[in-house]
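Asker: In short: position in the sequence shown from 1, add 15, done, that's my numbering. Note that beta-carbon positions come from the ideal geometry of N, C-alpha and C, so glycine has one too.
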Amino acid sequence: MADQTYAHLKDEIYYNELYDKFTIEECRRWEKKEFWDVPSIKDEDPIKMKIKISFADKVVLPVALYAIKGERYAKKSETIRQWMARDKAKDDLVTNATEPRGIRCLVCSSPMNCISRDLHSDDRDKDRVLFMFECPNKGHKRRAYWESGEEWEPRPNLCLKCKAVTNPSHAREGNIITTTNTCPQCGHKETDTIDLNSKEEKIDPNFEADRKKYCLSEKEGGEYVSWMANAKNLLGSFKEREQNKEVYEAIAKVKTLAIVDLQNLLNPLIEKAGYTKLEFGKPEVKRDLFVEFTVQDNKPGRVEYDSCHGLEKLIKKNLEGTNWRLMSEGISYKLGFLNGRLRGASGEENLKEMITGKDTNQE
Ligand SMILES: [Zn+2]
Ligand SMILES: [Zn+2]
């Protein structure tokens with residue numbers, strides 16, 4: 016039988032307006048100063064109090080409002096996507112549910128027709144599909160079944176005070192229905208009214224004007240998002256500097272040597288240590304500068320091991336505190352002829368890598 020299905024998923028315009036409505040409500044609450052009419056603003060001194068209020072009015076509120084508007088914008092499309100996905104999932108659940116078969120009327124035993132299916136929360140507050148059945152003979156009581164085939168049973172009304180089961184009575188006056196729940200055990204009484212007239216949502220006359228005021232356009236929203244991203248980056252780099260304070264202090268102390276300074280530094284030292292003819296090859300320019308060097312051993316009778324290690328130690332020691340390092344492959348030796356490679360860094364980022372040992376010897 017044809018059964019009606021109530022669609023949960025609505026047009027995107029609906030979600031767009033709903034989201035903007037929440038944004039407007041949040042901003043209005045801020046403008047009413049509900050959130051910050053707090054003791055921290057209060058001051059005994061009327062002059063100070065005046066200054067505080069004016070500061071809050073002119074600075075705190077506009078900044079806070081801008082941030083609220085911006086954050087609402089930033090989360091808008093993702094929130095709407097989630098809402099729509101949630102409602103589509105509900106529709107899928109309803110559409111794909113299998114109608115229970117063979118339901119008969121309790122009065123006349125006629126096979127009943129399914130007239131609707133929709134989601135309802137069960138006694139564990141879980142959303143499940145409920146099917147409503149009607150007898151072809153008018154006036155016979157309807158029956159409702161869960162997809163699983165269990166018959167729906169009304170949830171008992173419990174007394175809020177003693178949890179005894181109560182029996183509500185309903186009275187209708189025009190379009191107002193009053194439900195009264197009187198507890199048979201403790202006598203506690205509760206009334207609830209439903210106004211059928213107020214079902215239609217009242218139109219907020221300021222919606223459109225406030226929407227312009229509080230809901231950022233794509234251009235304004237985009238500006239906020241990129242402003243925020245910059246602020247976060249800036250904050251991130253401040254934090255990084257704070258956490259690596261020692262590294263940055265060390266960078267500031269590094270003595271930066273050009274190749275000629277390097278030559279002037281090393282030449283007298285190697286001569287003194289019994290080497291000669293320090294020469295540099297053609298430098299290789301990557302992010303850092305890599306340059307090969309050669310030296311001749313000038314000390315008669317010095318063996319390979321002593322020659323290599325002597326030079327390595329000397330170079331390492333004297334490059335400390337400068338922007339130069341001996342590459343980890345060390346120094347090689349052949350018939351009194353030694354060679355190795357040096358790496359020179361420039362710029363804060365590269366020096367930082369050299370000092371922290373990250374990226375060492377990577378070209
Ligand atoms: Zn019937
Ligand atoms: Zn009670």
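Run the CB neighbour count on Ala360, radius 10 Å, all protein chains shown included, and call it buried at 16 or more, exposed below.
Answerer: buried
Asker: Quick check on DSSP: helix, strand or coil for Leu166?
Answerer: Here the sequence assigns Glu to residue 166, which means Leu is not the residue at that position. Residue state, collapsed to three classes: strand.
Asker: Less than 8 angstroms between the CB atoms is what I'm expecting for Gly154 and Pro115, so what's the real figure, rounded?
Answerer: Not a contact, Cβ separation roughly 23 angstroms.
Asker: Does the count of Cβ pairs from the segment 108–128 and the segment 79–88 closer than 8 angstroms reach three?
Answerer: no
Asker: Does DSSP put Ala71 in a helix, a strand or coil?
Answerer: helix
Asker: From the DSSP output, in three-state form, read off Cys129 for me.
Answerer: strand
Asker: Examine the Cβ distances between the segment 202–214 and the segment 233–245 and report whether three or more of them are shorter than 8 angstroms.
Answerer: Too few Cβ pairs lie closer than 8 angstroms, so no.
Asker: Taking Pro169 as the reference, give the member of Cys177, Pro183, Asp321 with the closest Cα.
Answerer: Pro183
Asker: Where Lys367 and Asn333 are concerned, what is the direct C-alpha to C-alpha distance, given to the nearest angstrom?
Answerer: 19 angstroms
Asker: Straight-line CA distance for Tyr356 to Glu327?
Answerer: In the sequence as presented, Tyr is not what sits at residue 356; that position holds Arg. In a straight line, the C-alpha of Arg356 is about 11 angstroms away from that of Glu327.
Asker: Can you tell me whether Met369 is buried or exposed? The criterion is at least 16 other CB atoms within 10 Å of its CB, across all chains shown.
Answerer: The residue is buried, with at least 16 neighbouring Cβ atoms inside 10 Å.
Asker: Can you tell me which of the three DSSP states Met147 falls into?
Answerer: Met147 falls in the strand class under three-state DSSP.
Asker: In the DSSP assignment, the alpha helix (DSSP H) including Leu326 goes from what residue to what residue?
Answerer: 319–334
Asker: Count the CB pairs spanning the segment 126–135 and the segment 143–153 that are closer than 8 angstroms, and state whether there are at least three.
Answerer: yes
Asker: Counting only beta-carbon separations shorter than 8 angstroms, does Leu284 have a partner in chain B?
Answerer: In the structure shown, chain B does not exist; there is a single protein chain.
Asker: Determine the direct distance from the alpha carbon of Lys268 to that of Val300, and round the result to whole angstroms.
Answerer: 24 angstroms
Asker: Ignoring anything shorter than 4 residues, give me the alpha helix (DSSP H) runs that lie fully in the segment 257–297, in order along the chain.
Answerer: 260–268, 274–287
Asker: Measuring CA to CA, which of His23, Arg43, Glu261 is closest to Lys227?
Answerer: The option with the nearest alpha carbon to Lys227 is Arg43.
Asker: If you count every other CB in all the chains shown that lies within 10 Å of the CB of Thr375, and 16 or more means buried, which is it?
Answerer: Its pLDDT being 46, under 50, Thr375 is placed unreliably in this model, and the value from its coordinates should be taken loosely. When all chains shown are included, Thr375 counts as exposed.
Asker: Less than 7 angstroms between the CB of Ser125 and some heavy atom of ligand 1, yes or no?
Answerer: yes
Asker: Starting from the C-beta of Asn379, find all residues in its chain whose C-beta is less than 8 angstroms away, skip the five residues before and the five after it, and write them out in chain order.
Answerer: Residue numbering for the chain in the displayed model covers 16 to 378; residue 379 lies beyond these limits and cannot be assessed.
Asker: In whole angstroms, give me the CA-to-CA distance for Asn31 and Ala100.
Answerer: Taking the straight line joining both Cα atoms gives about 14 angstroms.
Asker: I'd like the list of long-range same chain contacts for Lys91, defined as Cβ closer than 7 angstroms, with 5 residues on each side in sequence excluded.
Answerer: Tyr34
Asker: State the DSSP-derived secondary structure class of Arg87, mapped to helix, strand or coil.
Answerer: Residue state for Arg87 is assigned as helix, using DSSP reduced to three classes.
Asker: For a quick check, are the C-beta atoms of Cys201 and Thr38 less than 8 angstroms apart?
Answerer: Cβ atoms of Cys201 and Thr38: not closer than 8 angstroms.
Asker: Quick test of your reading: Tyr348 and Cys323, contact by CB under 8 angstroms. State the CB separation rounded to the nearest angstrom.
Answerer: 5 angstroms
Asker: Would you call the CB atoms of His23 and Lys105 closer than 8 angstroms?
Answerer: yes
Asker: Determine which residues share a DSSP beta bridge with His185 and list them.
Answerer: Thr194
Asker: Just to confirm the assignment, what range does the alpha helix (DSSP H) spanning Leu350 have?
Answerer: Element bounds for Leu350: n/a, residue is neither H nor E.
Asker: What residues match up with His135 in a beta bridge as DSSP calls it?
Answerer: Arg143
Asker: Roughly how many angstroms separate the alpha carbons of Glu335 and Lys247, rounded to a whole number?
Answerer: 36 angstroms
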